[in-house]
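Numbering (UniProt numbering), first residue to last: 1 to 129.
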């Protein structure tokens with residue numbers, strides 16, 4: 001799968017910091033989820049967004065360096081692979097050329113009407129190719 005990459009930019013503010021004045025780990029996870037959501041919002045039609053939602057089932061993150069107040073972050077995300085009902089997404093967080101974190105998240109597609117898991121239809125798969 002040749003993935004379409006999506007870039008999401010964010011500047012660290014004082015409310016993002018922990019007691020050590022680093023980017024808070026919880027906030028890092030929120031930014032990773034925000035990048036995934038923005039990617040979906042950009043690619044999916046209004047119809048698809050009203051019919052389906054993504055449910056996070058697994059999250060792995062590796063911290064390599066810290067972010068600080070005022071840092072401009074670049075989050076780069078793409079769908080690495082998919083199966084019938086699961087999608088694996090990668091997110092890399094950079095400050096300039098320094099890789100701060102890498103994450104791998106596994107998502108399942110949910111039918112909004114029935115609130116049950118759904119097979120990923122071809123029209124959604126094609127969004128990420």
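We treat Cβ as the ideally placed atom computed from N, Cα and C, and that holds for glycine.
All values reported here derive from a predicted model rather than from experimental measurement.
query	result
Can you give me the start and stop residues for the beta strand (DSSP E) that residue 100 sits inside?	98-111
Whole-angstrom Cβ separation of residue 109 and residue 103, contact assumed at under 8 Å?	Not really, about 19 Å apart at Cβ, beyond 8 Å.
Given this structure, state the Cα-to-Cα distance separating residue 89 from residue 73, to the nearest angstrom.	19 Å
Under the DSSP definition of a beta bridge, which residues are partnered with residue 78?	90
First and last residue of the alpha helix (DSSP H) that includes residue 22?	Where residue 22 is concerned, there is no enclosing alpha helix (DSSP H), given that its DSSP letter is neither H nor E.
Mind reading off the beta-carbon distance from residue 91 to residue 77? Whole number of angstroms is fine, and I expect it under 8 Å.	4 Å
Given a threshold of 16 other Cβ atoms within 10 Å of its Cβ, counted over all protein chains shown, does residue 93 qualify as buried or as exposed?	buried
Go ahead and pull the three-state DSSP assignment for residue 66.	coil
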